[in-house]
Amino acid sequence: GENVEQHPSTLSVQEGDSAVIKCTYSDSASNYFPWYKQELGKGPQLIIDIRSNVGEKKDQRIAVTLNKTAKHFSLHITETQPEDSAVYFCAAYSGGYQKVTFGTGTKLQVIP
Amino acid sequence: EAEVAQSPRYKITEKSQAVAFWCDPISGHATLYWYRQILGQGPELLVQFQDESVVDDSQLPKDRFSAERLKGVDSTLKIQPAELGDSAMYLCASSLAARGHIKETQYFGPGTRLLVL
Chain V
18 GENVEQHPST LSVQEGDSAV IKCTYSDSAS NYFPWYKQEL GKGPQLIIDI RSNVGEKKDQ
78 RIAVTLNKTA KHFSLHITET QPEDSAVYFC AAYSGGYQKV TFGTGTKLQV IP
Chain E
3 EAEVAQSPRY KITEKSQAVA FWCDPISGHA TLYWYRQILG QGPELLVQFQ DESVVDDSQL
63 PKDRFSAERL KGVDSTLKIQ PAELGDSAMY LCASSLAARG HIKETQYFGP GTRLLVL
């Protein structure tokens with residue numbers, strides 16, 4: 018089955034700096050890669066996603082890049098703000114019924 | 003904006019008791035998922051429904067867990083008997099994805115936090 022590894026597990030940045038979170042996946046058939054933000058006590062919320070036929074996608078301060086050959090994808094947050102502090106999860110979808118596998122999460126702390 | 007509803011939000015029970023969680027997906031969403039999230043880890047898929055049918059329950063501990071979505075709308079996840087190791091957040095999610103179509107985004111509910119004493 019699919020295996021998704023996520024790094025780093027924790028990340029502290031100064032407000033205004035950029036943050037990068039990386040994920041690798043094992044199943045070359047995976048074709049959809051969302052990123053979720055989870056705040057304490059809440060369910061994960063989709064923040065950006067990318068499909069396998071696209072190499073990069075951007076939405077304001079958030080961008081995701083995908084390298085299908087290397088089987089890795091990354092989340093980039095620019096001009097970080099304290100409200101960006103949360104746990105971020107990557108995920109990969111594969112298989113006929115699109116089984117999803119989540120990464121282990123990255124706790125991002127933005128220091129004011 | 004439509005949301006996935008879950009209840010209860012919190013549940014404390016003693017081991018060997020039965021517990022049940024309820025999920026109401028976003029209207030029109032064909033696919034419904036139940037996840038278990040242990041503190042500090044990513045969500046782990048327990049069961050996936052396509053309408054009223056189970057399409058993946060490979061990670062569901064079937065000796066104690068059961069799930070149903072009788073009318074293809076809301077769903078119930080049950081644990082009987084509960085064990086100490088079942089303490090976790092139970093998340094429900096739904097998506098538009100219909101059979102044979104490209105996967106659509108999953109929308110998560112707020113979760114039910116279970117504590118087994």
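Top to bottom, those sequences are chains V and E. At position 25 of the first sequence (counting the first as 1) the number is 42 in the numbering used here, and the numbers step up by one without a gap. At position 55 of the second sequence (counting the first as 1) the number is 57 in the numbering used here, and the numbers step up by one without a gap. Each residue gets a CB set at the ideal place from its N, CA and C atoms; glycine is no exception.
Sub-8 angstroms separation of residue i and residue j beta-carbons
i: Thr123 of chain V; j: Glu32 of chain V; result: no
i: Gln82 of chain E; j: Arg71 of chain E; result: no
i: Ile38 of chain V; j: Gln62 of chain V; result: no
i: Gly120 of chain V; j: Gly113 of chain E; result: no
i: Tyr105 of chain V; j: Tyr49 of chain V; result: no
i: Ala95 of chain E; j: Gly111 of chain E; result: yes
i: Gln61 of chain E; j: Glu85 of chain E; result: no
i: Leu93 of chain E; j: Tyr37 of chain E; result: yes
Given residue i as reference, the closest of the options once Cα atoms are compared
i: Ala46 of chain V; options: V:His89, V:Ile38, V:Glu56 and V:Val30; result: V:His89
i: Ala99 of chain E; options: E:Ile14, E:Glu16, E:Ala32 and E:Ile28; result: E:Ala32
i: Tyr14 of chain V; options: E:Gln108, E:Glu5, E:Thr114 and E:Ser68; result: Only positions 18 to 129 of chain V appear in this structure, which leaves residue 14 of chain V out of reach.
i: Asn70 of chain V; options: V:Thr86, V:Asp76 and V:Thr41; result: V:Thr86
Neighbour flag for residue i against chain E, beta carbons, 8 angstroms
i: Val117 of chain V; result: yes
i: Phe106 of chain V; result: yes
i: Thr121 of chain V; result: yes
i: Pro61 of chain V; result: yes
8 angstroms Cβ shell around residue i - same chain, five flanking residues per side excluded
i: Val30 of chain V; result: Ala36, Thr97, Leu125, Gln126, Val127 and Ile128
i: Asp66 of chain V; result: Tyr49, Phe50, Pro51, Trp52, Lys74 and Val81
Sequence-distant residues of its chain with Cβ nearer than 6 angstroms to residue i (five each side left out)
i: Thr77 of chain E; result: It is worth fixing the name first, because residue 77 of chain E is Ser in this sequence and not Thr. Around Ser77 of chain E: Cys25, Leu34 and Arg71.
i: Thr118 of chain V; result: Glu19, Val21 and Ala109
i: Ala22 of chain E; result: Thr78 and Lys80
Residue-chain proximity (residue i, chain V), Cβ-Cβ < 8 angstroms
i: Pro112 of chain E; result: yes
i: Thr78 of chain E; result: no
i: Thr15 of chain E; result: no
i: Leu93 of chain E; result: yes
Exercise. Using a Cβ cut-off of 7 angstroms, which residues of the segment 63 to 75 of chain V contact any Cβ in chain E, in chain order?
Worked result: Leu63 and Asp66
For this session: Could you list the residues in the segment 45 to 66 of chain E with a C-beta less than 9 angstroms from some C-beta on chain V, going in chain order?
Result: Pro45, Glu46, Leu47, Gln50, Gln52, Val57, Asp58 and Ser60
Problem set entry | Interface positions of the segment 43 to 59 of chain V facing chain E (Cβ-Cβ less than 9 angstroms), listed along the chain | Asn48, Tyr49, Pro51, Tyr53, Gln55, Gly58 and Lys59
For this session: With 9 angstroms as the C-beta to C-beta threshold (strictly closer), list the residues of the segment 18 to 41 of chain E near chain V in chain order.
Result: Thr33, Tyr35, Tyr37 and Gln39
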